[in-house]
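Just so we're aligned, residue 23 is where the sequence shown starts under the numbering used here, counting upward by one. Note that the Cβ used here is the ideal one computed from N, Cα and C, for glycine as well. Note that the coordinates shown come from a computational prediction; the quantities given were computed from them, not determined experimentally.
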Amino acid sequence: MNFTSPLKWRVAARVSVATLLLQLVSPAFAAENSETATPIKHFIVIIGENRTFDHVFATYKPVHGESVANLLSKGIVNPDGTPGPNFSLAIQSSAVDHGHYKLSPPKTPYKTLPPVLAGGYATAPFPDAKTAASFENGLEPEDYVLLTTGGTGLAHGAPDTRIPNQSALPSGPFQLTSKTHPYDVYDNSPVHRFYQMWQQLDCNAERVSPSNPAGCRNDLFPWVETTIGAGSNGEAQPANFTDLSTKEGSTSMGFYNMLQGDAPYLKYLADHYAMSDNYHQAVQGGTGANHIMLGFADDIWFADTHGNPTIPPHNEFLSAGPNSGTVDEIENPDPAPGTNNWYTQDGYGNGSYGSPSSGGGTYSNCSDASAPGVREVVSYLHDLPRPIKPNCDPGHYYILNNYNPGYFGDGSSATSSAAISRPGETVFAIPGSPVRSIGDALLQKGVSFAYYGDQWNTYLANPDNNYVTADNTFCNICDPFLYSTSLMTSPAGRSHNLDTTDLYAAIQKGALPAVSYVKPDGWLDGHPASSKLDLFEAFSKKIINLVKANPELWKTTAILVTFDEGGGYWDSGYVQPLDFFGDGTRIPAIMVSPYTRPGHVSHVYADHASVVKFIEANWKLAPLTSRSRDNYPNPVTGRNPYVPLNTPAIGDLVDLFDFSHSDE
């Protein structure tokens, strides 16, 4: 979780057509263009954190007449979670990379996995349900107890003794849950950064075949976890480095077992509505870039104060008071000399909360095919039988991981010299972006929308305390509109950022906007270590129950329950190369609506840009820009329904509906 700090520095709004439109449109959602291509008048997107499809749905059995691609159906595991007859399809390997960054380095299969290590709260974060409810409002009364249970009892990075045989597991996926490790517990969080995730997939164009159309083996997950983990921040590899040093071990290989009662609410939704088993995180890496893709159908880049592309700080001393220091915000995943895969410069940056700034990483100029890391990804895309364009504009440094957005909630700049020199602030924020978002498109068409962020009001009410309170878990990097110059420099544009308390009231009043993005806070988002999957289930359940309790609203509403990215967990699914940025692993995506066929499983290839495509298809909007992914066609498939023949292609989610059916 990234926290921001306040600033009274206002950014002067540039007069433009978009700005004038922003001033004319109010988030009151009264008068709007409600013409839609389908009966859906309200689209809600609920976004959890960090779970792959196989991690959650490994043993899911679909209703009669439907099929699903998961660990059970592929024979990788048995119904009881033990290794299945085709377990060899999932074998993981160690590798050697002493030169430059490699997507597919020389490797040797593990005989057993590296140890599984513990992470998350050693004791539950709240002593009782009443105390939990005083901090959090996103649960139904009976679910607050979930915030009082599940402590690990273990130190972060210690062997996870709750998992039987944790130090000698077979070299592949393993079931997390057992009598000693129930479903309702906190767990460690795997690495989920850009170059790490590309490397975990182990892609090589020379291996492309009908059975492996991307040439990826998905077999380097624990090796990347144990060699580089969450990044170096430009620091030297620690002395006496071992498989335990990153404190992750083989966390990535764990999965839940729905046949034994795990993830019961997500299973209920899949059985009674429709889901995709071919929906993907749109960007390799983590939270920030994937939420940006949900709002822009594209990545954004480092800009100057005039909105032009420029070079981010590169081995540059920033004089910013207590946060002064030398930073390098350009990624370099080449191994440091004398190490095996310890990236030279990769991280979120050090230096927040008043300490000197250093490190950074997170941007790459992917139009420069000679840049570290870039050359491997671009070469792979070029060498595919059907070459894929990187889609990197010349001289643009694209954000690949998590930096704070360019604006605070009050519209002030998070990247001005006044902002980054404030005690407790970080220099690691991406400047405001001139790229057109779905918010701009909806405003121009007169279609209402809002981003409902849990704890937004708490965040916004504390500018004199760095926008941080004792329990401010609002996710600033999750709100795509906080990155947008056109929205955040206008009072009307900023007013589309609301709290989930406003969402609950709007549902009960039947006054929802046409499009709603909904984000739980850090307690409830399901992120491993800081949250639990059952807490995200409970958060989603509250919203769905509220909508269904309003019959008039329910009959015109669709609710997509999904995740920002896979969080570094392993998945067996096909990943379509779309451009330099991704795609990444499959993630759960369930469409809850009266217009779905119960238990339907769609195999149409989709990712986060599909959310934008659905909004555009339903409200009759054009693609956002000439280069955004919403320009890609819907997939055309042959014998394999998961692999588009017309790659790059992504669906628009309409396949999840059956408009001849309604359960009204």
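- Note that the C-beta distance between glycine 256 and serine 211 is not below 9 Å.
- For the 9 Å CB-CB criterion, asparagine 337 and aspartate 350 form a contact.
- In the three-state DSSP reduction, phenylalanine 471 falls in the strand class (E or B).
- Counting only the Cα atoms, lysine 63 lies some 25 Å from tryptophan 478.
- Distance from the CA atom of aspartate 501 to the CA atom of histidine 313, rounded to whole angstroms, is 7 Å.
- Taking C-beta atoms as the reference points, glycine 475 and leucine 509 fail to come closer than 9 Å.
- Checking the DSSP bridge columns, you'll see isoleucine 352 partnered with Tyr385.
- Assigned with DSSP and collapsed to three states, serine 89 falls in coil, not helix or strand.
- Rounded to the nearest angstrom, the gap between the Cα atoms of aspartate 652 and valine 634 is 7 Å.
- Taking C-beta separations shorter than 7 Å and ignoring five residues to either side along the sequence, the partners of aspartate 415 in its chain run Ser389, following chain order.
- No residue range can be given for alanine 536, since it is assigned to no beta strand (DSSP E) and is classified by DSSP as neither H nor E.
- In this structure, alanine 560 lies away from leucine 582, with their beta-carbon atoms at least 9 Å apart.
- It is roughly 26 Å from the alpha-carbon of valine 78 to the alpha-carbon of threonine 659.
- For leucine 291, the enclosing alpha helix (DSSP H) starts and ends at 286-294.
- When rounded, the separation of the alpha-carbon atoms in asparagine 234 and isoleucine 352 is 33 Å.
- Assignment of phenylalanine 450 by DSSP, reduced to helix, strand and coil, places it in the coil class.
- DSSP places leucine 557 inside the alpha helix (DSSP H), whose first and last residues are 555-570.
- Across the set Gly70, Pro61, Asn423, the C-alpha of Gly70 shows the shortest separation from the C-alpha of histidine 549.
- For asparagine 279, same chain residues with a beta-carbon under 7 Å away, outside a window of 5 residues either side, are Ala80, Thr81, Gly103, Gln197, Thr199 in chain order.
- Here the alpha carbons of proline 131 and tryptophan 220 stand approximately 19 Å from one another.
- For serine 553, the closest C-alpha among the options Leu161, Thr578, Leu169, Tyr123 is that of Leu169.
- Across the set Arg229, Phe603, Gly308, Val246, the C-alpha of Arg229 shows the shortest separation from the C-alpha of cysteine 238.
- For glycine 271, same chain residues with a beta-carbon under 6 Å away, outside a window of 5 residues either side, are Pro136, Pro137, Val138, Leu139 in chain order.
- Fully contained in the stretch 156-191 is no beta strand (DSSP E) run of length 3 or more.
- By the Cβ-count criterion, asparagine 345 is buried, with 16 or more other Cβ atoms from all chains shown falling within 10 Å of its own Cβ.
- In this structure, Ala292 is the residue among Ala180, Ala292, Thr507, Pro394 with its C-alpha nearest to the C-alpha of valine 85.
- By DSSP's assignment, glycine 604 forms a beta bridge with Asp601.
- Beta-bridge partners of threonine 264 (DSSP): none assigned.
- DSSP links proline 131 through a beta bridge to Ser115.
- Nearest to asparagine 387 by C-alpha distance, out of Gly590, Gln466, Pro335, Ala611, is Pro335.
- The stretch 181-191 makes no contact with the stretch 512-527; the number of CB pairs closer than 8 Å stays below 3.
- It is roughly 10 Å from the alpha-carbon of threonine 584 to the alpha-carbon of aspartate 629.
- If you draw a straight line from the Cα of leucine 534 to the Cα of leucine 575, it is about 8 Å long.
- Rounded to whole angstroms, glycine 589 and alanine 177 show a C-alpha spacing of 21 Å.
- Cβ atoms of glutamine 259 and alanine 112 stay farther apart than 8 Å, at about 29 Å.
- Counting along the chain, alanine 639 sits inside the alpha helix (DSSP H) bounded by residues 631-641.
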